[in-house]
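Asks: Read top to bottom, the protein sequences are chains R and Z.
Taking the numbering used here, the leading residue of the first sequence gets 238, the next gets one more, and so forth.
Taking the numbering used here, the leading residue of the second sequence gets 332, the next gets one more, and so forth.
We put the beta carbon where it would ideally sit given N, CA and C, even for glycine.
These numbers come from a predicted model, not from an experiment.
Quick one: the structure is below, and I'll ask about it shortly.
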Amino acid sequence: MSGAEKIAVTVTDVVPLNDLVTRFEFKRADNGLLPTFSGGAHTVVEMRDGDITRLNPYSLMSDPMDQSRYCISVRRDDEGRGGSVFMHTRVKVGDEMVISYPVNLFSLDLRAKKHLFLAGGIGITPFLAQTKQLERFNGNWELHYACRTESLGSYVDELTSHHPNETHIYYDDKKQMIDLVNLLEGQPLGTHVYVCGPKGMIDWVRKTATNEGWPREAVHYEEFLAPQPGKPFEVKLAVSNKVIQVGEHESLLEAIERAGVDAPYLCRGGACGQCETNVIDYAGNFIHRDHWLDDDEHAGGQKIMPCVSRFEGKTLVLDR
Amino acid sequence: MSKFTFPESIRSRPIYGTLEARVGPAHLLVADAHGAEAILDVATPQMMEKAHIIYIPKGEDYEDKLRALKPASFYSGPSYPAAEPRLRKALADAKMGLQVYLAGTEGLMGQAQNAAMAAGIPHTAIQTEHRGSIARRMQCVHCKGITEEVETDPFVCSHCGLNLFVRDHYSRRLAAYQGVRVDAEDPGNVPTPKGIYE
Ligand code: FES
Chain R
238 MSGAEKIAVT
248 VTDVVPLNDL
258 VTRFEFKRAD
268 NGLLPTFSGG
278 AHTVVEMRDG
288 DITRLNPYSL
298 MSDPMDQSRY
308 CISVRRDDEG
318 RGGSVFMHTR
328 VKVGDEMVIS
338 YPVNLFSLDL
348 RAKKHLFLAG
358 GIGITPFLAQ
368 TKQLERFNGN
378 WELHYACRTE
388 SLGSYVDELT
398 SHHPNETHIY
408 YDDKKQMIDL
418 VNLLEGQPLG
428 THVYVCGPKG
438 MIDWVRKTAT
448 NEGWPREAVH
458 YEEFLAPQPG
468 KPFEVKLAVS
478 NKVIQVGEHE
488 SLLEAIERAG
498 VDAPYLCRGG
508 ACGQCETNVI
518 DYAGNFIHRD
528 HWLDDDEHAG
538 GQKIMPCVSR
548 FEGKTLVLDR
Chain Z
332 MSKFTFPESI
342 RSRPIYGTLE
352 ARVGPAHLLV
362 ADAHGAEAIL
372 DVATPQMMEK
382 AHIIYIPKGE
392 DYEDKLRALK
402 PASFYSGPSY
412 PAAEPRLRKA
422 LADAKMGLQV
432 YLAGTEGLMG
442 QAQNAAMAAG
452 IPHTAIQTEH
462 RGSIARRMQC
472 VHCKGITEEV
482 ETDPFVCSHC
492 GLNLFVRDHY
502 SRRLAAYQGV
512 RVDAEDPGNV
522 PTPKGIYE
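What follows is the structure, given as structure tokens:
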């Protein structure tokens with residue numbers, strides 16, 4: 238089986254935080270200890286919804302050293318493919334679920350002399366774990382957190398009461414904006430910046446940091462890329478000799494898995510590179526959405542990342 | 332001629348490039364001897380407005396030309412150890428976005444790179460350009476002493492006196508190549524020293 242190793246868990250708490258975000262707490266079903274992790278790690282949650290199985294990654298937000306439980310926060314996305322809605326409407330305390338071992342694609346660079354965190358909306362979750370990790374070592378950090386409105390500001394109260402000096406909150410509806418140029422220019426040498434939030438925010442931070450002369454190695458980002466729905470299409474899997482249909486609300490990776498073909502993955506969000514698949518033949522257009530392949534590879538028609546990317550056209554033959 | 336093309340070697344051996352002007356709120360340029368030429372090549376009036384040059388002439392005559400670039404700040408010192416406090420202070424006061432340019436001998440670039448890394452700049456973000464002497468800064472693996480300006484292979488460790496073979500194995504942490512006893516198996520059988528790249 239592909240992906241990280243699995244853990245059977247029980248849902249031990251479900252806490253709605255506001256109109257959009259609900260927190261879930263998991264404990265090991267066998268009452269044993271969960272693995273420790275490092276701040277920024279995510280777990281892939283398996284959601285059994287009739288005959289559809291969705292596997293969605295969520296950042297772990299609990300204390301990385303707390304082996305008794307894991308917490309995630311899920312933002313409800315009514316436009317999405319149903320994973321977050323499933324979590325919000327169907328998951329109850331006492332349910333048995335399967336999650337993956339933690340995988341970290343957004344870890345702290347512990348050589349940094351200071352960590353500057355920039356969060357947008359639900360992008361706050363990895364930083365909740367990272368700040369807990371840094372607090373143990375008396376790490377130097379600062380958080381700038383942009384939320385739409387006060388009522389949608391998940392964990393604002395917790396952050397501002399525990400870390401009043403480190404936390405800076407900005408509300409969109411009050412027209413408050415992170416003064417990014419000044420913020421970046423004032424950072425001492427050895428600062429690393431981390432950004433997690435909507436794509437526009439990530440692009441803005443990366444571009445501004447480049448213009449301000451920040452080294453690429455000091456700029457870290459994690460974008461929550463959920464696979465997007467799209468037109469159904471047909472794919473031929475050459476190695477397993479199967480022809481499969483990818484439905485409107487499932488990803489190519491999920492369709493491959495549904496056909497019983499084991500395909501590699503780790504993040505399921507277009508970031509880790511694990512699912513990279515060779516294209517043997519095609520007639521049509523790729524809809525590449527990953528952050529893994531470069532522009533030339535996207536144009537080349539030789540590779541696809543099935544966790545997030547789709548296809549429109551007559552023929553697609555994959556080396557799988 | 333201040334430029335030299337180093338032969339291809341193992342991965343451990345540093346590779347130097349050609350300095351290019353980059354964007355940033357401040358620029359720190361450190362050079363020794365003929366490294367001044369690389370600074371003269373890369374400098375732009377715009378860069379110099381926010382530039383700090385630290386120069387170690389080692390008997391070369393570039394100081395007036397460098398001063399004529401009108402950097403915001405200029406320092407000239409007799410040796411790297413003499414210049415190092417100045418460099419460390421400049422790094423300690425610097426903000427993110429500082430661009431670091433190093434030029435000259437391997438020993439100078441290695442040590443200045445080390446100071447910049449300790450200040451928190453990833454080594455891949457530090458630009459280097461070799462100019463001038465091809466002498467190396469060597470560490471004796473036996474006594475750990477550093478011998479500066481090594482031009483021949485083998486050479487005599489200036490600390491313990493062993494005859495050392497010049498390896499391409501490099502340590503970024505020490506800013507030095509590794510020197511290993513050449514006659515360990517057969518004491519006294521020391522090849523005639525020749526230039527490192529001869
Ligand atoms: S599974 Fe990570 S890029 Fe597709």
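1. Who are the near neighbours of residue 394/Z in its chain, counting only those whose CB is closer than 7 Å to its CB and skipping five residues on each side?
2. Starting from residue 416/Z and walking both ways along the alpha helix (DSSP H), at which residues does that stretch end?
3. For residue 491/Z, does the count of other Cβ atoms within 10 angstroms reach 16, so buried, or fall short, so exposed?
4. Between the region 439-450 of chain Z and chain R, which residues of the former have a C-beta closer than 7 Å to a C-beta of the latter?
5. Mind reading off the beta-carbon distance from residue 402/Z to residue 383/Z? Whole number of angstroms is fine, and I expect it under 8 Å.
6. Please return the same chain residues whose Cβ sits closer than 6 Å to the Cβ of residue 253/R, not counting the five positions on each side in sequence.
7. Is it right to say residue 411/Z is buried, meaning 16 or more other beta carbons lie within 10 angstroms of its own, or is it exposed?
8. Taking the alpha helix (DSSP H) that residue 264/R belongs to, which residues open and close that run?
9. Anyone know if the C-beta pair for residue 507/R and residue 553/R falls short of 8 Å?
10. Going straight from the alpha carbon of residue 356/R to that of residue 407/R, what length do you get?
11. Restricting to runs no shorter than 4 residues, where is the alpha helix (DSSP H) found entirely within the region 248-310 of chain R?
12. Does residue 504/Z get closer than 8 Å to chain R when you measure Cβ to Cβ?
13. Does DSSP classify residue 495/Z as helix, strand or coil?
14. Who are the near neighbours of residue 309/R in its chain, counting only those whose CB is closer than 6 Å to its CB and skipping five residues on each side?
15. Which residues, in chain order, does the region 404-434 of chain R contribute to contact with chain Z at a C-beta distance below 9 Å?
16. Taking the CB atoms as reference points, tell me whether residue 322/R and residue 312/R lie closer together than 8 Å.
17. Heavy atom of the ligand FES less than 7 Å from the Cβ of residue 302/R, yes or no?
18. With a floor of 4 residues, list each alpha helix (DSSP H) that falls wholly inside the region 374-425 of chain R, ordered by position along the chain.
19. In the DSSP assignment, what are the bridge partners of residue 244/R?
20. Got a sec: is the Cβ-Cβ distance from residue 403/Z to anything in chain R below 8 Å?
21. Quick one: which chain Z residues come within Cβ less than 7 Å of residue 376/R?
22. Tell me whether residue 489/Z sits in a helix, a strand or coil according to DSSP, three-state version.
23. What's the gap between the Cα of residue 324/R and the Cα of residue 255/R?
24. In chain order, what residues of the region 433-466 of chain R put their CB closer than 9 Å to some CB of chain Z?
25. For residue 331/R, which option in 365/R, 483/R, 263/R has the closest C-alpha, if you only look at C-alpha atoms?
26. So what does DSSP say about residue 500/Z, is it helix, strand or coil?
27. Please list the terminal residues of the continuous alpha helix (DSSP H) segment that includes residue 470/Z.
28. Sorted by chain position, which residues of the same chain lie with C-beta nearer than 8 Å to residue 493/Z's C-beta, five sequence neighbours on each side aside?
29. According to the neighbour-count rule (16 or more other Cβ atoms, all chains shown, within 10 Å of its Cβ), is residue 270/R buried or exposed?
30. If we ignore side chains and look at the alpha-carbon of each, how far apart do residue 289/R and residue 488/R end up?
31. Nearest to residue 411/R by CA position, among 386/R, 419/R, 397/R, is which residue?
32. With 16 as the cutoff for other CB atoms within 10 Å, does residue 482/R come out buried or exposed?
33. Rounded to whole angstroms, what is the Cα-Cα separation between residue 430/Z and residue 402/R?
34. Report whether the distance from the Cβ of residue 509/R to the nearest heavy atom of the ligand FES is below 7 Å.
35. Within this structure, are the beta carbons of residue 404/R and residue 380/R separated by less than 8 Å?
36. Quick check: residue 451/Z and residue 437/R, are their CB atoms within less than 8 Å of each other?
Replies: Judging by the given coordinates:
1. Within the same chain, 386, 388, 407 come within 7 Å of residue 394/Z by CB-CB distance, once the 5 residues on both sides are set aside.
2. Element bounds for residue 416/Z: 411-424.
3. It is exposed - the Cβ of residue 491/Z has fewer than 16 other Cβ atoms within 10 Å.
4. For the region 439-450 of chain Z, the set of residues with a beta-carbon nearer than 7 Å to any beta-carbon of chain R comprises 450, in chain order.
5. The pair is a contact, with the Cβ atoms about 7 Å apart (cut-off 8 Å).
6. Here the set comprises 259.
7. Answer is buried; the Cβ neighbour count reaches 16.
8. Counting along the chain, residue 264/R falls outside any alpha helix (DSSP H), though it belongs to the beta strand (DSSP E) covering 258-265.
9. The Cβ atoms of residue 507/R and residue 553/R lie no closer than 8 Å to each other.
10. Approximately 10 Å, taken between the alpha carbons.
11. Segments of the alpha helix (DSSP H) lying fully in the region 248-310 of chain R: there are none.
12. Taking 8 Å as the threshold, the shortest C-beta distance from residue 504/Z to chain R does not fall below it.
13. Collapsing the DSSP output to three states places residue 495/Z in a strand.
14. The beta carbon of residue 309/R sits closer than 6 Å to those of 261, 295, all from its chain and outside the five residues before and after it, given in chain order.
15. 421, 422, 423, 424, 425, 426, 427, 428, 429, 430: these are the residues of the region 404-434 of chain R whose beta carbon lies less than 9 Å from some beta carbon of chain Z, given in chain order.
16. Not closer than 8 Å, so no.
17. No; taking the cut-off as 7 Å, the Cβ of residue 302/R has no heavy atom of the ligand FES nearer than that.
18. Listed in chain order, they are 393-399, 417-422.
19. In DSSP, residue 244/R forms a bridge with 336/R.
20. Among the residues facing chain R, residue 403/Z is not included, as its CB has no counterpart in that chain under 8 Å away.
21. Near residue 376/R there are no residues of chain Z at all, since even the closest Cβ is about 14 Å away, more than 7 Å.
22. Three-state DSSP puts residue 489/Z in coil, outside helix and strand.
23. Using only the alpha carbons, I get a separation of about 15 Å.
24. Closer than 9 Å at the C-beta level to chain Z, one finds these residues of the region 433-466 of chain R: 446, 447, 448, 449, 450, 451, 452, 453, 454, 455.
25. The shortest C-alpha separation from residue 331/R is found at 263/R.
26. In the structure shown, residue 500/Z sits in a strand (DSSP, three-state: E or B).
27. Not the alpha helix (DSSP H): residue 470/Z falls in the beta strand (DSSP E), residues 467-471.
28. 471, 473, 474, 487, 512.
29. Around the beta carbon of residue 270/R, fewer than 16 other beta carbons sit within 10 angstroms, so the residue counts as exposed.
30. Looking at the two C-alpha atoms, the distance is approximately 11 Å.
31. Looking at the Cα atoms, 386/R is the closest of the given residues.
32. Under the 10 Å beta carbon count, residue 482/R is surrounded by fewer than 16 other beta carbons and is classified as exposed.
33. Looking at the two C-alpha atoms, the distance is approximately 30 Å.
34. Yes; taking the cut-off as 7 Å, the Cβ of residue 509/R has a heavy atom of the ligand FES nearer than that.
35. Contact check for residue 404/R against residue 380/R passes: the beta carbons are separated by less than 8 Å.
36. Cβ atoms of residue 451/Z and residue 437/R: not closer than 8 Å.
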